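Let me begin by presenting the structure, written as structure tokens, before commenting on it.
Chains as they are written, first to last, in the numbering used here: chain A, 3 to 340; chain B, 3 to 340.
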């Protein structure tokens, strides 16, 4: 059998995905990338024309069976998901459709359920780590989620693993942020990591998959960008962040004095979800995290000691891996075991 | 749609599974347990007759679509897997079919591939933890496995987490084994845990899923039951184990002197797989494991810092969860998203 794949946004992640797909070889299943689209041009089979998402979807509808892979982070592409899911399967690492308006989220879910089209988004949280699939399995088999807690930002993982460690680290907070930026771990403007919005989107997604109607508007989010620097231009922010080193050093010292470390965590909790800087005891799995790894702990009725998943939660190859795993799940529902 | 389920061996795990299934409610999917079989009797619909696996399979074949769930640890049931898979899907936590003869393993795999019937066995390693599914995703999407290492026995996890900890523990090895037995963590004869065979079976399964033709006959397995006590009767073993406390204390002391702890691990490695007692640095995730949790680290080309999964790897509810997740994967391939 042959499954067609159409990729929107063949950037860094999209290209890694296409490369992984091209190397796939299997007796029962052939995967073909039949169309790609960026913001200007789209390739449909062998013809290159101006981008038009309606025509892109039409082309895919005419070339079944087909999966659309949205590899953008676009807010406009996700508004087309309900239409895509009328006849096509969808795989995406794009958080916007699942963490934005709850109406859109519900429309996406209904479209998938009613039309029997799969909508998988493993890579929206923790890239290729088995997080969404595990949560879905827990929920659908009737387990009760009591809490989900995790470090969902590679950037903030790196920053606090470095800044706040048992035994001390001798670097200031601003210096750690500078390092992270120089190593390419942060967004061009590190405030886009430090404001917690990216983590919040992931918490909203995990909450909704758990059955809690979370939304960005009502979620408690601790923005750790100092108030006075939120409106400053980017270079001023980087220059003046050191003025706030004492504040972070004091927090860190208090944590270390109680044999704890600081970690920036997202938490899904039926009694109150949040995104915040918290203290964790030295023996907690979050305390011994290294590099820029993500970690997530599912506390459930069946797993009172949490089920934990950890590893690289960002990067083109591991994100593409999560997307490709989703595509293979869809393929196996058509062709059987491979 | 309705999917039928037939359970072989409705013991502790089988009953937990059936209970979870009974609580399942979904608009698109109905699950019905239509048959059960133990070593003496089987129930086919409403009739109870003497057990006969051929007739059991026949009944299931006549009541499609159907999944057989083998919840035994029987070596004889697994010989019927190729026949079952001719027309039926199969889900099982029974390790025997996947860690025994490589011929049988290949027959099972071929039967599933050729007949388009699913054969899922998530719960053969780490109960409901997403281990086999993650490994399958890594392998099928073209990642390269460089090493898999883990603590796969809840019993041996408990024993060494207790006996060998940074800061010292003040219990002898024999005392720790006694405690584990009293708490119900061990097999009736703890030597069935300490001999490493159960861990070895899991290593063989993980190896084969990775594409390495491992076998119990050739795998290096460190049996930590003292040689002189291997043939003794069970009570003599428990009485005389304390004679070997010095040996284990010395190993432990050496480990702790190098800021390491002892852990009994299984390792899949293209350059030589093994099951052995090893030292791990205090900062290694295996060193901070608690209770009787399992942990597994996948080292791959895409995940040079390992992808780690940890949590309860034994117990009726979490094993049933793994089996139920597998059943839902099969159901979704028929009915679409649920």
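Beta carbons are placed, not taken as given, at the ideal position from N, Cα and C, and that holds for glycine. Everything numeric in this text was worked out from a predicted model, so none of it was measured.
| said: Using a Cβ distance threshold of 8 Å, determine whether the region 273 to 292 of chain B contacts the region 154 to 173 of chain B, with at least three qualifying pairs required. | reply: yes
| said: Among A:152, A:333, A:181, whose alpha-carbon lies nearest the alpha-carbon of residue 312 of chain A? | reply: Here residue 312 of chain A refers to the residue found at position 310 of the first chain. That would be A:152, whose Cα lies nearest to the Cα of residue 312 of chain A.
| task | Starting from the beta carbon of residue 335 of chain A, find every residue of chain B whose beta carbon is closer than 7 Å, and list them in chain order. | result | Mapped onto the first chain, residue 335 of chain A falls at position 333. In chain order: 334, 335.
| query | For chain A, is any of its Cβ atoms less than 8 Å away from the one on residue 126 of chain B? | reply | As a position in the second chain, residue 126 of chain B is number 124, starting the count at 1. With 8 Å as the cut-off, residue 126 of chain B does not count as an interface residue toward chain A.
| Exposure label - residue 185 of chain B; buried when at least 16 CB within 10 Å | Position 183 of the second chain, counting from 1, holds the residue named residue 185 of chain B. Residue 185 of chain B should be labelled exposed.
| How about residue 239 of chain B and residue 22 of chain B: do their beta carbons lie closer than 8 Å? | Within the second chain, residue 239 of chain B is the residue found at index 237, counting from 1. Within the second chain, residue 22 of chain B is the residue found at index 20, counting from 1. No, the pair does not count as a contact, with Cβ atoms beyond the cut-off.
| query | Does residue 252 of chain A get closer than 8 Å to chain B when you measure Cβ to Cβ? | reply | Walking along the first chain from the start, residue 252 of chain A turns up at place 250. Chain B, which has no Cβ nearer than 8 Å to the Cβ of residue 252 of chain A, makes this no.
| request: Count the C-beta pairs between the region 104 to 114 of chain A and the region 126 to 143 of chain A that are closer than 8 Å, then say yes if the count reaches three, no if not. | output: no
| Is the CB of residue 319 of chain A under 8 Å away from at least one CB in chain B? | For this step, residue 319 of chain A is matched to residue 317 along the first chain. By this cut-off, residue 319 of chain A is an interface position.
| request: Quick one: grab the DSSP three-state call for residue 221 of chain A. | output: Translated into the one-based positions of the first chain, residue 221 of chain A becomes position 219. Looking at residue 221 of chain A - three-state DSSP - the assignment turns out to be coil, as it is neither helix nor strand.
| Taking residue 212 of chain B as the reference, which of B:65, B:147, B:103 has the closest Cα? | Here residue 212 of chain B is taken as the residue at index 210 of the second chain, counted from 1. The residue with the shortest Cα to Cα distance from residue 212 of chain B is B:147.
| field | Selection of the region 293 to 320 of chain A by Cβ proximity to chain B, strictly under 7 Å | value | 293, 295, 304, 305, 307, 308, 309, 310, 311, 312, 313, 314, 319, 320
| query | Exposed or buried, which one is residue 205 of chain B when buried takes at least 16 other CB atoms within 10 Å? | reply | Position 203 of the second chain holds residue 205 of chain B. Answer is buried; the Cβ neighbour count reaches 16.
| Extent of the continuous beta strand (DSSP E) to which residue 54 of chain A belongs | Taking the first residue of the first chain as 1, we reach residue 54 of chain A at position 52. Membership of residue 54 of chain A in any beta strand (DSSP E) is not indicated, and neither H nor E is assigned to it by DSSP.
| message | Once DSSP output is grouped into helix, strand and coil, what is the label at residue 187 of chain A? | response | As a first step, residue 187 of chain A is located in the first chain; it is residue number 185 there, counting from the start. Residue 187 of chain A: coil per DSSP, three-state reduction.
| task | Closer than 8 Å by beta-carbon distance: list the chain A residues that pair up with residue 135 of chain B, in chain order. | result | Walking along the second chain from the start, residue 135 of chain B turns up at place 133. Per Cβ cutoff of 8 Å: 132, 135.
| task | Report the residue from B:118, B:12, B:16, B:34 whose alpha carbon sits nearest the alpha carbon of residue 338 of chain A. | result | Within the first chain, numbered from 1, the residue matching residue 338 of chain A stands at position 336. Of the listed residues, the one whose Cα sits closest to residue 338 of chain A is B:118.
| If you draw a straight line from the alpha carbon of residue 32 of chain A to that of residue 209 of chain A, how long is it in whole angstroms? | For this step, residue 32 of chain A is matched to residue 30 along the first chain. For this step, residue 209 of chain A is matched to residue 207 along the first chain. When rounded, the distance between both Cα atoms is 36 Å.
| request: Reducing DSSP to helix, strand and coil, say where residue 1 of chain A ends up. | output: The displayed coordinates of chain A run from 3 to 340. Any statement about residue 1 of chain A would go beyond what the structure contains.
| query | Shorter than 8 Å from the beta carbon of residue 340 of chain A to some beta carbon of chain B? | reply | Taking the first residue of the first chain as 1, we reach residue 340 of chain A at position 338. At least one chain B Cβ lies under 8 Å of residue 340 of chain A.
| Should residue 249 of chain A be labelled buried (16 or more other beta-carbon atoms within 10 Å of its own) or exposed? | Within the first chain, the letter at position 247 stands for residue 249 of chain A. Answer is exposed; the Cβ neighbour count stays below 16.
| task | Alpha carbon to alpha carbon, how far is residue 300 of chain A from residue 216 of chain A? Give it in angstroms, no decimals. | result | Your numbering for residue 216 of chain A matches position 214 in the first chain. Your numbering for residue 300 of chain A matches position 298 in the first chain. About 17 Å.
| request: Work out the CA separation of residue 51 of chain A and residue 12 of chain A for me, nearest whole Å. | output: The residue given as residue 12 of chain A occupies position 10 in the first chain. The residue given as residue 51 of chain A occupies position 49 in the first chain. Each residue's Cα considered, the two are about 16 Å apart.
| request: Pick out whichever of B:121, B:62, B:101 has its Cα sitting closest to the Cα of residue 37 of chain B. | output: Taking the second chain and counting its residues from 1, one reaches residue 37 of chain B at position 35. Answer by Cα proximity: B:62.
| Which residues in chain B sit within 8 Å of residue 143 of chain A, going by Cβ to Cβ distance? | Your numbering for residue 143 of chain A matches position 141 in the first chain. Chain B residues near residue 143 of chain A: 22, 26, 323, 326, 327, 330.
| query | When DSSP builds the beta bridges, which residues end up paired with residue 38 of chain B? | reply | The residue given as residue 38 of chain B occupies position 36 in the second chain. DSSP lists B:9, B:45 as partners of residue 38 of chain B.
| message | Given a cut-off of 8 Å on the beta-carbon distance, is the pair residue 254 of chain A and residue 176 of chain A in contact? | response | Here residue 254 of chain A corresponds to residue number 252 of the first chain, with the count starting at 1. Here residue 176 of chain A corresponds to residue number 174 of the first chain, with the count starting at 1. Not a contact, by the Cβ cut-off of 8 Å.
| query | Hey, residue 9 of chain A and residue 73 of chain A are a contact pair by Cβ (cut 8 Å); roughly how many whole angstroms apart? | reply | Counting from one through the first chain, the residue named residue 9 of chain A turns up at place 7. Counting from one through the first chain, the residue named residue 73 of chain A turns up at place 71. Going by Cβ atoms, the distance from residue 9 of chain A to residue 73 of chain A rounds to 6 Å, so yes, they are a contact pair.
| Do residue 128 of chain B and residue 296 of chain B have their C-beta atoms within less than 8 Å of each other? | For the purposes of this step, residue 128 of chain B is taken as the residue at position 126 of the second chain. For the purposes of this step, residue 296 of chain B is taken as the residue at position 294 of the second chain. Yes, Cβ-Cβ distance for residue 128 of chain B and residue 296 of chain B is below 8 Å.
| query | What residues in its chain sit with their C-beta under 8 Å from that of residue 193 of chain A, if we drop five residues either side in the sequence? | reply | Start at 1 with the first residue of the first chain, and residue 193 of chain A comes out as number 191. 227, 231, 232, 236, 239.
| said: Beta carbons nearer than 8 Å to chain B: which residues of the region 260 to 291 of chain A have them? | reply: 285, 287, 290
| request: Indicate the three-state DSSP secondary structure (helix, strand or coil) for residue 146 of chain B in the structure shown. | output: Position 144 of the second chain holds residue 146 of chain B. Of the three classes helix, strand and coil, the one that applies to residue 146 of chain B here is coil, per DSSP.
| task | From the DSSP output, read off the bridge partner residues of residue 33 of chain B. | result | Stepping through the second chain from its first residue, residue 33 of chain B is reached at position 31. For residue 33 of chain B, which the question treats as bridged, DSSP gives the partners B:5.
| field | Reduced DSSP category for residue 119 of chain B - H, G, I as helix; E, B as strand; rest coil | value | Counting from 1 along the second chain, the entry for residue 119 of chain B is found at position 117. Coil at residue 119 of chain B, not helix or strand.
| Interface residues of chain B facing residue 114 of chain A [CB-CB closer than 9 Å] | Translated into the one-based positions of the first chain, residue 114 of chain A becomes position 112. Here the neighbours are 338, 339.
| said: Closest to residue 39 of chain A by C-alpha separation, out of A:58, A:225, A:324, would be which residue? | reply: Position 37 of the first chain, counting from 1, holds the residue named residue 39 of chain A. With distances taken between Cα atoms, residue 39 of chain A lies closest to A:58.
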